[in-house]
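J.: Let me begin by handing over the structure; questions about it come next.
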Amino acid sequence: MMELELVADGLDFPEGPVAMADGSVILTEIRGNRLTRVRPDGRKEGLAETATGPNGAAIGPDGAVWIATNGGAFSYTERDGLIIPGPTPPGHRGGSIQRYDPAAGRLETVHDGLIAPNDLVFDAAGGLWFTDHGVETGEGRRYGALYYASADGTLSRQRHDLLGPNGVGLSPDGRIVYVADTYLQRLWAFDVESPGKLAPPPGFAPGRVVCNLAGFQLLDSLAVEASGKVCVATIVNGGISIIDPDGSVEHVPVPDPVTTNICFGGADMRDAWITAGATGRLYKARWPRPGLRLAFNA
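Structure (structure tokens):
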């Protein structure tokens, strides 16, 4: 079993970890509506009060922290000492993509009028792939989508009517966009035709199915290894499901049924940080293989 080091606890449903060059981790606290830096010794520093429901985060080409905010798409209950996310509360008004400039200490909204943005990743061209998770309503579900925002700010919806698109990442060569679909327990692969544009879907499916996990487990955010394996945070079966492009799966357990995300950093990219939402913890581990170095870092 992989050894996990507890770095910090007392976080208000952490997500969106970003490994920084100084050894700290910037993450979101979804229920706390804030962006937080966790120092290597576990000290926590509040950076910004965000829009409601900050979810995924990533460093952009401008050195800023870009944040997918879901607009408060989840309700929360406390059960047996755990924070458990639930259905969308009444009155949800939508989410946005925000940008936090650490040098100026300034937060701004870049893209608004979305349903519930969830996770994001930048490509080498400086464009932003992000998922909109969708929400529950009294009449049913508003389906999510996969978007691309080009470096000039142009927004395009590349795939729509996805049940619950959550984690998003790019293959090492940048030619595949991976999306974890929460409720289908499925990892999708979408082929990139040109920067910011997906190839036409194969047949009736919106993309290629890499893997459907067995039993009942839900998928959250993800990170990609340098080898091309996709590491997906897994709910119910708490931990990280490592999915090979050939569809085979390896599971690393984490002591939290709502494991939300993973990121890689360190000199050899083998330092892995894992956010555990239900227990409010951040863990660190030495991963067996290096993670993929993202297009932009800070």
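Per this note's numbering, residue 1 is the first one in the sequence shown, and the count goes up by one each step.
For each residue, glycine too, the CB sits at the ideal point set by N, CA and C.
Do you know whose CA, among Pro54, Asn55, Asp123 and Val18, lies nearest Arg37's CA?
T.: Within the sequence shown, numbered from 1, the residue matching residue 37 stands at position 37. Minimum Cα distance to Arg37 is reached at Val18.
J.: Does DSSP put Glu193 in a helix, a strand or coil?
T.: In the sequence shown, counting from the first residue as 1, residue 193 sits at position 193. Reduced to three states, the DSSP call for Glu193 is strand.
J.: What separation, rounded to the nearest whole angstrom, lies between the Cα atoms of Ala205 and Gly63?
T.: Indexing the sequence shown from 1 puts residue 205 at position 205. Indexing the sequence shown from 1 puts residue 63 at position 63. Rounded to the nearest whole angstrom, the C-alpha separation of Ala205 and Gly63 is 36 angstroms.
J.: So the beta strand (DSSP E) Glu139 belongs to, where does it begin and stop?
T.: The residue labelled residue 139 in the question sits at position 139 within the sequence shown. Counting along the chain, Glu139 sits inside no beta strand (DSSP E), nor does DSSP assign it H or E at all.
J.: Counting only the same chain and skipping the five closest in sequence on each side, list residues whose C-beta sits under 6 angstroms from that of Asn297.
T.: Counting from one through the sequence shown, the residue named residue 297 turns up at place 297. The beta carbon of Asn297 sits closer than 6 angstroms to those of Ile59, all from its chain and outside the five residues before and after it, given in chain order.
J.: Which residues in the same chain have their Cβ closer than 6 angstroms to the Cβ of Gly95, if we skip the five residues on either side of it in sequence?
T.: Position 95 of the sequence shown, counting from 1, holds the residue named residue 95. Excluding positions up to five away in sequence, the list reads Thr69, Asn70, Gly71, Leu114, Ala116 and Pro117.
J.: Would you mind working out which of Arg270, Gly266 and Cys211 sits nearest Ser241, comparing C-alpha positions?
T.: In the sequence shown, the residue the question calls residue 241 occupies position 241. Taking Ser241 as reference, the option from Arg270, Gly266 and Cys211 with the minimal CA-CA separation is Cys211.
J.: Looking at the unbroken beta strand (DSSP E) that takes in Tyr100, where does it start and where does it end?
T.: Along the sequence shown, one-based indexing puts residue 100 at 100. From DSSP, the beta strand (DSSP E) with Tyr100 extends over Gly95 to Asp101.
J.: According to DSSP, simplified to helix, strand and coil, what is Trp66?
T.: Start at 1 with the first residue of the sequence shown, and residue 66 comes out as number 66. It is a strand residue.
J.: Is there contact between the stretch 129-145 and the stretch 102-110, where contact requires at least three CB pairs shorter than 8 angstroms?
T.: no
J.: Might you give, ordered along the chain, the residues of its own chain that have their beta carbon closer than 6 angstroms to the beta carbon of Phe74, omitting 5 neighbours on each side?
T.: Walking along the sequence shown from the start, residue 74 turns up at place 74. Within the same chain, Phe74 has close Cβ partners Pro85.
J.: Taking Cβ to Cβ, would you say Leu146 is nearer than 8 angstroms to Val121?
T.: Position 146 of the sequence shown holds residue 146. Position 121 of the sequence shown holds residue 121. No, the Cβ-Cβ distance between Leu146 and Val121 is not below 8 angstroms.
J.: If you follow the beta strand (DSSP E) that Asp271 is in, where does it begin and where does it stop?
T.: The residue you call residue 271 lines up with position 271 of the sequence shown. Where Asp271 is concerned, the enclosing beta strand (DSSP E) stretches over Asp271 to Ala276.
J.: Can you find at least 3 beta carbon pairs, one from the stretch 161-171 and one from the stretch 179-199, that sit closer than 8 angstroms?
T.: yes
J.: Just reading off the beta strand (DSSP E) that Arg281 is part of, what are its end residues?
T.: In the sequence shown, counting from the first residue as 1, residue 281 sits at position 281. Taken as a continuous stretch (DSSP letters only), the beta strand (DSSP E) holding Arg281 covers Arg281 to Arg286.
J.: Would the beta-carbon of Leu222 fall within 8 angstroms of that of Gln185?
T.: Residue 222 sits at position 222 when you count from the first residue of the sequence shown. Residue 185 sits at position 185 when you count from the first residue of the sequence shown. Not closer than 8 angstroms, so no.
J.: Using only alpha-carbon positions, find the residue among Asp152, Thr109 and Gln158 that is nearest to Trp129.
T.: Translated into positions along the sequence shown, residue 129 becomes position 129. Ranking Asp152, Thr109 and Gln158 by Cα distance to Trp129 puts Gln158 first.
J.: Using three-state DSSP, classify Gln158 as helix, strand or coil.
T.: Stepping through the sequence shown from its first residue, residue 158 is reached at position 158. In this structure, DSSP gives Gln158 an extended state, which the three-state scheme calls strand.
J.: Out of curiosity, what's the CA-to-CA distance linking Thr131 and Asp119?
T.: Residue numbering aside, residue 131 sits at position 131 when the sequence shown is read from its first letter. Residue numbering aside, residue 119 sits at position 119 when the sequence shown is read from its first letter. Each residue's alpha carbon lies about 6 angstroms from the other.
J.: Count the other CB atoms within 10 Å of the CB of Val135; is the residue buried (16 or more) or exposed (fewer)?
T.: Reading the sequence shown from its first residue, position 135 is the one you call residue 135. So Val135 counts as buried.
J.: Which class does Gly167 belong to by DSSP, given the choice of helix, strand or coil?
T.: Taking the first residue of the sequence shown as position 1, residue 167 is located at position 167. In the structure shown, Gly167 sits in a strand (DSSP, three-state: E or B).
J.: Can you grab the Cα-Cα spacing for the pair Cys263 / Asp152, in whole Å?
T.: Stepping through the sequence shown from its first residue, residue 263 is reached at position 263. Stepping through the sequence shown from its first residue, residue 152 is reached at position 152. If I take the Cα positions, the gap works out to 27 angstroms.
J.: Decide if Thr154 is buried, meaning its Cβ has at least 16 other Cβ atoms within 10 Å, or exposed.
T.: What you label residue 154 is simply residue 154 of the sequence shown in a count that begins at 1. With fewer than 16 other Cβ atoms within 10 Å, it is exposed.
J.: What do you reckon, are the CB atoms on Gly46 and Arg31 nearer than 8 angstroms?
T.: On the sequence shown, position 46 is the one that residue 46 refers to. On the sequence shown, position 31 is the one that residue 31 refers to. Taking 8 angstroms as the cut-off, the Cβ atoms of Gly46 and Arg31 do not count as close.
J.: Considering only residues of the same chain and omitting the five flanking positions on each side of Asp271, which have a CB-CB separation below 6 angstroms?
T.: Indexing the sequence shown from 1 puts residue 271 at position 271. Closer than 6 angstroms at the Cβ level, and outside the excluded window around Asp271, lie Gly265.
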